[in-house]
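Residue numbers (the working numbering): 82 to 281.
C-beta atoms are modelled at their ideal positions from N, C-alpha and C, and glycine is treated no differently.
These notes concern the structure reproduced below.
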Amino acid sequence: MDTSYFVALAMFAFITSVTPGPNNIMLLASGAQFGFHRTIPHMLGIIIGMFSLLLATLLGLGAAFSVYPPLYSVLQWMGGLYLLWLAWKIASAPVGQLEAGKHVAKPMSWWQAALFQYVNPKAWMMSLGCVSSFAIAGDKYLASGMSILLAFACLGFIAISIWAWAGMKIRIWLTDPRRQRGFNYIMGLATVLTLFMIIG
């Protein structure tokens, strides 16, 4: 594996992690509603979930979709329905908490975020695409697999942190409950749109 391999892998890991998707829209909303520090468990959960998903794909789980293609369709439907539910939760989130200092709602926990990756269509596309493109068969399979895992763990965390940080900055503007409600509606709609972008 030469330098060009690692550069290409790094670019793939960062770009696919930083582009809009369900994870990043939810992190933006979480950063705005709860702040950066309270969103860290959510971010860690995404990294843990992606790490385990990539590992499972490297160990052969991705081959199941080649053997039985309808399985991927089932996964897409499950993920799509769950994303629609999350979109509704985001859009209907309580308002007025930033102004009053209340915390009725709670940010997503690390284990919820980790498990979400298994029904997240974008996470599966990233995992399958990365392993098929960057896993090297033969005696370099282990080394290339470790490189993939490390690239997504390190660069992926940096990429998703940008979204949580952006949400924290927006938080200053959301002191008015009406603005919070409008922001929640926009984030809910954006979550639905990312679903259609992925599976459309």
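Cα-Cα separation between residue i and residue j, rounded to whole angstroms
i: K221; j: F238; result: 26 Å
i: M268; j: A110; result: 7 Å
i: D257; j: F264; result: 11 Å
i: W254; j: L156; result: 38 Å
i: V88; j: K250; result: 31 Å
i: L135; j: S213; result: 11 Å
i: G143; j: F115; result: 35 Å
i: A181; j: G161; result: Residue placement at A181 cannot be trusted, given a pLDDT of 47 that sits under 50; the coordinates are not used to answer.
i: A271; j: R262; result: 14 Å
Reference residue i, options the options, closest by Cα
i: N201; options: L90, A89, L255, G102; result: G102
i: F197; options: L164, R262, W169; result: L164
i: H118; options: S133, A218, W191; result: W191
i: A216; options: D83, Q193, S225; result: S225
i: W246; options: M82, V99, Y86, T84; result: V99
Inter-residue CB distance, residue i and residue j (contact presumed, cutoff 8 Å)
i: Y266; j: A186; result: Y266 to A186, Cβ: 16 Å. No contact.
i: A292; j: L236; result: Absent from the model: residue 292. The displayed extent of the chain is 82 to 281, so no value can be given.
i: S228; j: L125; result: Contact flag wrong, Cβ pair sits at about 21 Å.
i: A195; j: I106; result: Incorrect: roughly 18 Å between the Cβ atoms, too far for contact.
i: G112; j: R252; result: 7 Å
i: F132; j: A234; result: 6 Å
Backbone secondary structure at residue i - three-state DSSP
i: M189; result: coil
i: I267; result: helix
i: V155; result: helix
i: P150; result: coil
i: L236; result: helix
i: L134; result: helix
i: S228; result: helix
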